[in-house]
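Structure first, then comments.
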Amino acid sequence: MSHAIDGGALYATHDRFPAPKGASTHIARFAGALLGAADHGLLHCLAGDTLPLHQQEGGILIRRTAATEVHPLARAERFGADVAASVAESGWTTTQGRDPWSVMALLADDRTWPVVHEVNGLPSIEWAETYPRAPRADLQALDELERWCLDRVDAVITPSAVTATALHDRGVPGDRITVIPNGADLPDPAVARPADAPADPYLVYVGGLQPWQGVDVAVRALSRVRDLDVPLVLVTGARRRQLRPLLQLARRLDVGDLLHVRTAQDATATSAWLVHATASLAPLRDTPRNTVQGCCPLKVVESLAAGTPVIGSDLPVIREEVPDGVHGLLVRPDRPRDLARAIRVALDAPDALERWGSAGRAHVAANRTWAAAERALLAVHLGLLGS
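Note that this note's numbering has the sequence shown beginning at 64, numbered continuously upward.
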């Protein structure tokens, strides 16, 4: 079998893989496309609770680092050291890293391969919100490491125009940045309804429960439409300790019975929740993580692919995919009253919901398929290799 890339490709990411979150879907598609195009490939990632440290999948080897250090920076540094060991084992044809620790290892002094830096987030910004008590010196060190990597890589890919602007502001030349948005597969509209789905209509939220996701705003909005008796289904991989504050808030606001939590499932099962929902919520908060760093919310793209309109925060990262009144409704972020009002408007306009859903699905089919994203990714690598 001939491959587009002669030799080996290495893809490194400081993430557990597979895992029940959107990043895992992205990694599966990008790592699969890059490594599958090479004669042989190595995916180096973090270990999970029950995942083997070494796993062979066809021509692709998955190597996992079991970082057990308490301090998150210590775990990251341990991971980077293990990636450096993988780098030294073979002369790679091309490489890609999703984080500064991976990229630093890929930028070996004697390298003969190009390094592509996949920037989905900037730890110096995201960690400030994930670890609010992080010492300023740690965040400064992260910022310096990010800049060191960005100055030296051969190309940068990112899923959002907002993130591309942040990278340009950090000195990355525009001709080294390629925006490749997240993609989605179009699910079958006739997919079976989940057996444990609440009665129609219901709202859905798919994703994590980090503070910047604004899920608490959705729960507060739910309390303002209590009279509609419309359930909100959370499809999430969050652990019980992460769910506890949200469930307590729902009970305090007297909507505990309307909040249905479902653990993250495979892509087909998640698509079923989206296909049968009346609307999908994306209540991102107005924080630097969303407005300065940027993102491309996979929950939004997958909702549109399912033909489900989105009610989300009026932030550039959502406006890129959901023009107000075209694929759904946008509201001011961090305002439960505004989100509740939009939910009322949407539920009272079934014709508009159908129109928005159809337009969103057509948008994904034309512009946001994973196949298109994979082609764009390979084009970057082949361009660096002169192919």
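The beta carbon of each residue, even a glycine, is placed where N, CA and C say it ideally should be. These numbers were taken from a predicted model, which means no experiment stands behind them.
Bridge partners - residue i, DSSP secondary structure assignment
{"i": "A148", "result": "BP columns for A148 are empty, so no partner."}
{"i": "D387", "result": "G391"}
{"i": "T226", "result": "Paired residue(s): none; T226 is not in a bridge."}
{"i": "T299", "result": "T326"}
Beta strand (DSSP E) segment containing residue i, residue limits
{"i": "H426", "result": "First-last for H426: P413 to N430, but that is the alpha helix (DSSP H), not the beta strand (DSSP E)."}
{"i": "H77", "result": "I68 to R79"}
{"i": "H323", "result": "L322 to T326"}
{"i": "A345", "result": "A342 to A345"}
{"i": "A218", "result": "A218 to T221"}
Whole-angstrom C-beta distance between residue j and residue i, which should lie under 8 Å
{"i": "L402", "j": "I374", "result": "7 Å"}
{"i": "D414", "j": "V394", "result": "That belief does not hold up - the Cβ atoms of D414 and V394 are roughly 20 Å apart, past 8 Å."}
{"i": "P222", "j": "P244", "result": "5 Å"}
{"i": "A218", "j": "L448", "result": "Not a contact, Cβ separation roughly 11 Å."}
{"i": "L193", "j": "Q276", "result": "The sequence shown places Thr at residue 193, not Leu. Wrong, their Cβ atoms sit about 12 Å apart, outside the cutoff."}
{"i": "S421", "j": "A369", "result": "Not a contact, Cβ separation roughly 11 Å."}
{"i": "A75", "j": "L98", "result": "About 11 Å separates the two Cβ atoms, so there is no contact after all."}
{"i": "G85", "j": "G270", "result": "6 Å"}
{"i": "S165", "j": "H77", "result": "6 Å"}
{"i": "A96", "j": "L440", "result": "6 Å"}
{"i": "L344", "j": "Y268", "result": "5 Å"}
{"i": "I68", "j": "H323", "result": "With a Cβ gap of about 45 Å, I68 and H323 do not count as contacting."}
{"i": "V282", "j": "A313", "result": "5 Å"}
{"i": "L266", "j": "A340", "result": "6 Å"}
{"i": "P372", "j": "A409", "result": "7 Å"}
{"i": "W336", "j": "V298", "result": "5 Å"}
{"i": "H180", "j": "G160", "result": "6 Å"}
{"i": "A229", "j": "V355", "result": "6 Å"}
{"i": "A171", "j": "V146", "result": "Not really, about 10 Å apart at Cβ, beyond 8 Å."}
{"i": "A262", "j": "I406", "result": "Going by Cβ atoms, the distance from A262 to I406 rounds to 17 Å, so no, they are not a contact pair."}
{"i": "A224", "j": "V235", "result": "In fact, because the Cβ distance is near 14 Å, the residues do not count as touching under 8 Å."}
{"i": "A191", "j": "A197", "result": "6 Å"}
{"i": "A101", "j": "G70", "result": "6 Å"}
Bounding residues of the alpha helix (DSSP H) (the contiguous stretch that carries residue i)
{"i": "V373", "result": "Careful: V373 lies outside any alpha helix (DSSP H), inside the beta strand (DSSP E) at V373 to S376."}
{"i": "A439", "result": "W433 to L448"}
{"i": "H89", "result": "G85 to G99"}
{"i": "Q203", "result": "R199 to R215"}
{"i": "A369", "result": "That residue, A369, is in no alpha helix (DSSP H); it is neither H nor E in DSSP."}
{"i": "V380", "result": "P379 to R382"}
{"i": "L401", "result": "It should be noted that the sequence gives Asp, not Leu, for residue 401. Taken as a continuous stretch (DSSP letters only), the alpha helix (DSSP H) holding D401 covers P399 to L410."}
Nearest residue (CA-CA) to residue i, options the options
{"i": "A139", "options": "T156, V363, P163 and A405", "result": "P163"}
{"i": "V427", "options": "T193, N183, A409 and E384", "result": "E384"}
{"i": "L392", "options": "W433, V179 and A342", "result": "A342"}
{"i": "P379", "options": "A227, L312, V269 and V338", "result": "A227"}
{"i": "D259", "options": "V288, P294 and V235", "result": "P294"}
{"i": "L106", "options": "L114, I125 and A91", "result": "I125"}
{"i": "V216", "options": "T175, R431 and P135", "result": "T175"}
{"i": "V389", "options": "R400, L367, R404 and P396", "result": "L367"}
{"i": "M167", "options": "N183, F142, G154 and G184", "result": "F142"}
{"i": "D248", "options": "D112, A435 and R352", "result": "A435"}
{"i": "A82", "options": "A110, P346 and L116", "result": "A110"}
{"i": "R256", "options": "T331, R304, L309 and Q305", "result": "T331"}
{"i": "D349", "options": "P396, L297, D329 and D173", "result": "P396"}
{"i": "T157", "options": "L136, A262 and A94", "result": "A94"}
{"i": "E207", "options": "R418, D329, R233 and Q305", "result": "R233"}
{"i": "A253", "options": "V338, G246, E189 and G300", "result": "V338"}
{"i": "E209", "options": "P195, I188 and A224", "result": "I188"}
{"i": "P195", "options": "R307, D320, P386 and R352", "result": "R352"}
{"i": "V318", "options": "L309, V182 and A137", "result": "L309"}
{"i": "W155", "options": "A144, P177 and L136", "result": "P177"}
{"i": "D387", "options": "D411, R398, L416 and E365", "result": "L416"}
{"i": "C108", "options": "L213, A129, R92 and E120", "result": "A129"}
{"i": "C286", "options": "R431, G70, A412 and R400", "result": "Residue 286 is actually Ser in this sequence, not Cys. If we check each option's Cα against that of S286, R400 comes out closest."}
{"i": "P264", "options": "R438, P115 and A412", "result": "A412"}
{"i": "N430", "options": "D251, G246, V288 and R398", "result": "G246"}
{"i": "R127", "options": "E120, C212, L114 and L136", "result": "L114"}
{"i": "P250", "options": "Q119, S450, R289 and W433", "result": "W433"}
{"i": "C359", "options": "H89, W419, G70 and L321", "result": "H89"}
{"i": "D201", "options": "A148, E365 and A137", "result": "A137"}
{"i": "G357", "options": "Q305, N183, L321 and R239", "result": "N183"}
Test: residue i CB closer than 9 Å to a CB of chain C
{"i": "A72", "result": "Judged by its chain identifiers, the structure shown contains no chain C, having just a single protein chain."}
Considering only residues of the region 101 to 185, which uninterrupted alpha helix (DSSP H) runs meet the minimum length of 4 residues and lie entirely inside it, listed in chain order?
135 to 152 and 163 to 169
What are the uninterrupted segments assigned as beta strand (DSSP E) that are 3 or more residues long and contained completely in the region 240 to 297, given in chain order?
Every beta strand (DSSP E) stretch that sits fully inside the region 240 to 297 and reaches 3 residues is listed by chain position as 240 to 242 and 266 to 269.
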